[in-house]
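Q:
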Amino acid sequence: MADAAAHGHEGHDERGFFTRWFMSTNHKDIGILYLFTSGFVGFIAVAFTVYMRMELKDPGVQFMCAEGARFLSAATVENCTPNGHIWNVVVTAHGILMMFFVVIPALFGGFGNYFMPLHIGAPDMAFPRMNNLSYWLYVAGSSLAIASVVSPGGNGQLGSGVGWVLYPPLSTSEQGWSMDLAIFAVHLSGASSILGAINMITTFLNMRAPGMTLFKVPLFAWSIFVTAWLILLSLPVLAGAITMLLTDRNFGTTFFQPAGGGDPILYQHILWFFGHPEVYIIVLPAFGVISHVIATFARKPVFGYLPMVWALIAIGALGFVVWAHHMYTVGMSLTQQTYFMLAT
Numbered sequence: 022m023a024d025a026a027a028h029g030h031e032g033h034d035e036r037g038f039f040t041r042w043f044m045s046t047n048h049k050d051i052g053i054l055y056l057f058t059s060g061f062v063g064f065i066a067v068a069f070t071v072y073m074r075m076e077l078k079d080p081g082v083q084f085m086c087a088e089g090a091r092f093l094s095a096a097t098v099e100n101c102t103p104n105g106h107i108w109n110v111v112v113t114a115h116g117i118l119m120m121f122f123v124v125i126p127a128l129f130g131g132f133g134n135y136f137m138p139l140h141i142g143a144p145d146m147a148f149p150r151m152n153n154l155s156y157w158l159y160v161a162g163s164s165l166a167i168a169s170v171v172s173p174g175g176n177g178q179l180g181s182g183v184g185w186v187l188y189p190p191l192s193t194s195e196q197g198w199s200m201d202l203a204i205f206a207v208h209l210s211g212a213s214s215i216l217g218a219i220n221m222i223t224t225f226l227n228m229r230a231p232g233m234t235l236f237k238v239p240l241f242a243w244s245i246f247v248t249a250w251l252i253l254l255s256l257p258v259l260a261g262a263i264t265m266l267l268t269d270r271n272f273g274t275t276f277f278q279p280a281g282g283g284d285p286i287l288y289q290h291i292l293w294f295f296g297h298p299e300v301y302i303i304v305l306p307a308f309g310v311i312s313h314v315i316a317t318f319a320r321k322p323v324f325g326y327l328p329m330v331w332a333l334i335a336i337g338a339l340g341f342v343v344w345a346h347h348m349y350t351v352g353m354s355l356t357q358q359t360y361f362m363l364a365t
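Residue 349 in the numbering used here is what sits at position 328 of the sequence shown, and the numbering runs on without skipping anything.
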């Protein structure tokens, strides 16, 4: 019995709390960290949207006042001067947090890190330390995004109210450094996701169990693999666009300023070259989860496994050639509009 008790503790984790959760290179621990952190940021993002719903539920303006933001229903229309900047800040913060700091980290970073190695028979991710770095870059980016809401911004108020897409000339003319913090937050989120994508691709290709060929890999792992390629190919493009935004704001360049020969439509093309694959970055892991859950609880293999794999790959590829269907109102030629309509 004593021997059995001794052997029973061999697999016990002897690391302290700080070492385990702050310095971990274990894919399960990091996946849990991603899920909990994205859940926390999600509560903040949902609070913003609840605040918007509070304002919209009655006619007039009750909460977003020039006299200051209010949170109690005692506020009345009569003693509240409407303040559109607060609304714009809340919309911007909600969008940036949900897009970059909740959905991608939860599905790709959380579920991907936890389950992908298990599904392919790998002992861990290919680059465990880089996995840890990826998580902490995400935490730093989340902190900057939240800090931007309470930092000096446009109209002598707090926060930047330009929308999550950060379109110039709004973003280039917004005063204060709240806008710069938001841009740096997106930069850090992108760096985190790119490192995670490199890790996922390498793990998927090099660390499958012996005998597990590509078309024996579970669909969830395939969905994470395709998502990783979307991240790796689209996020550096977005990074270039927001770097140009930073230099337009702070260093006198005119990439997006018509007065200096720039073109704000260029920013839209670059943004949506990322923005449309972003839709699939969000939804493909969810497709993989649903496929796996249904197969598990139906106790049957997925019908049409091979077409589903190729469909995931095709969705990823086609996602890169339809971006300008977000831009039909910017004055594209009829030829361009026709192509993007047909491709879509």
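The C-beta atom is built at its ideal place from N, Cα and C for all residues, glycine as well. None of these values were measured; they are calculated from a predicted model.
Compare the C-alpha of V160 against each of G175, G197, F148, A212 and name the closest.
A: Of the candidates G175, G197, F148, A212, the one whose C-alpha sits nearest the C-alpha of V160 is A212.
Q: Which residues mark the beginning and the end of the alpha helix (DSSP H) in which P138 is found?
A: Run containing P138: 133 to 141, per the alpha helix (DSSP H) assignment.
Q: Which one of G273, L266, G309 has the shortest CA to CA distance from Q289?
A: Closest by alpha carbon: L266.
Q: Given 8 Å as the limit, is there contact between the region 210 to 230 and the region 247 to 260, that is, 3 or more CB pairs closer than that?
A: With a cut-off of 8 Å, the region 247 to 260 and the region 210 to 230 count as touching, because enough Cβ pairs lie within range.
Q: So who's on the other strand from M85, going by DSSP bridges?
A: Paired residue(s): A90.
Q: Would you kindly work out how many angstroms separate the C-alpha atoms of F43 and I117, rounded to a whole number?
A: Going from the Cα of F43 to the Cα of I117 covers about 25 Å.
Q: Tell me which same chain residues have a C-beta within less than 7 Å of the C-beta of V342, skipping the five on either side of it?
A: The residues are A364.
Q: Pick helix, strand or coil for L254, following the three-state DSSP scheme.
A: In this structure, L254 counts as helix in the three-state DSSP scheme.
Q: What span of residues does the alpha helix (DSSP H) with W157 cover, start to end?
A: Start and end: 149 to 170.
Q: Do T58 and Y156 have their C-beta atoms within less than 9 Å of each other?
A: Going by C-beta atoms, T58 is nearer than 9 Å to Y156.
Q: Output needed for A218: all residues of its chain with C-beta closer than 7 Å, excluding positions within five of it in sequence on either side, in chain order.
A: Cβ neighbours of A218 beyond the five flanking positions: A249, I252, L253.
Q: Would you call the region 36 to 51 in contact with the region 68 to 82, where contact means no fewer than 3 C-beta pairs closer than 8 Å?
A: Because the criterion of three Cβ pairs below 8 Å is not met, the region 36 to 51 and the region 68 to 82 do not touch.
Q: With a 10 Å radius around its C-beta and 16 neighbouring C-beta atoms as the bar for buried, classify V300 as buried or exposed.
A: V300 comes out exposed.
Q: How many angstroms separate the CA atom of G162 from the CA atom of F121?
A: Each residue's Cα considered, the two are about 9 Å apart.
Q: In whole angstroms, give me the CA-to-CA distance for T193 and R270.
A: Taking the straight line from one Cα to the other gives about 5 Å.
Q: Between A166, P189, P190, which has its C-alpha nearest F205's C-alpha?
A: The candidate whose alpha carbon is nearest that of F205 is A166.
Q: DSSP three-state call for H30: helix, strand or coil?
A: Confidence is the limiting factor: at H30 the pLDDT is only 48, short of 50, which leaves the residue's position unreliable and the question unanswerable from this model.
Q: Which value, in whole angstroms, describes the spacing of the CA atoms of T268 and F136?
A: Those two C-alpha atoms are separated by around 40 Å.
Q: Under 7 Å Cβ to Cβ from H313, same chain only, skipping five residues before and after it: list those, please.
A: P239, L240, F241, listed in sequence order.
Q: Can you name, in chain order, every residue of its own chain whose Cβ lies under 6 Å from the Cβ of G180, other than the five neighbours on each side?
A: Counting only Cβ-Cβ distances below 6 Å, and skipping sequence neighbours, we find V110, V170, G174, S199.
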